[in-house]
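So for the sequence shown, my numbering puts the first residue at 1173; every next one is plus one.
In this text, a Cβ means the ideal position worked out from N, Cα and C, and glycines have one as well.
Nothing here was measured: the structure is a model prediction, and the numbers come from that model.
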Amino acid sequence: MPDIKAALGEIRRIIKPGGMFVLLEWEAVESEIGPSIEQKVPSITMKKLLEQNGFHPKLVHLNQSIYAIIAKNIKF
């Protein structure tokens, strides 16, 4: 995704205050499946971006290659 901050702003705009969404992403590690490592966003980076853009994120590692974040819209 070329502009993550713009995408997060749009998600925040359409989710009501207190609403939540789930994000699934590849962890930034080499693996046999998935996109190249250059295209992956590290979980800690995504968590910080969500916090900076008005969300309360809960990070869950599903395995070594994939993580999920449950994010609540906290900006009113």
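Under the DSSP assignment, Glu1223 falls in the alpha helix (DSSP H) whose first and last residues are 1215-1224.
Per DSSP, reduced to three states, the secondary structure at Ala1179 is helical.
Exposed is the label assigned to Ser1208, since fewer than 16 other Cβ atoms lie within 10 Å of its Cβ. Per DSSP, Val1194 is one residue of the beta strand (DSSP E) stretching across 1192-1198.
In this structure, Asn1225 lies near Leu1180, with their beta-carbon atoms less than 7 Å apart.
Taking 7 Å as the cut-off, the Cβ atoms of Ile1246 and His1233 do not count as close. Taking a C-beta distance under 7 Å as the contact criterion, Ala1240 and Phe1193 do not qualify as a contact pair.
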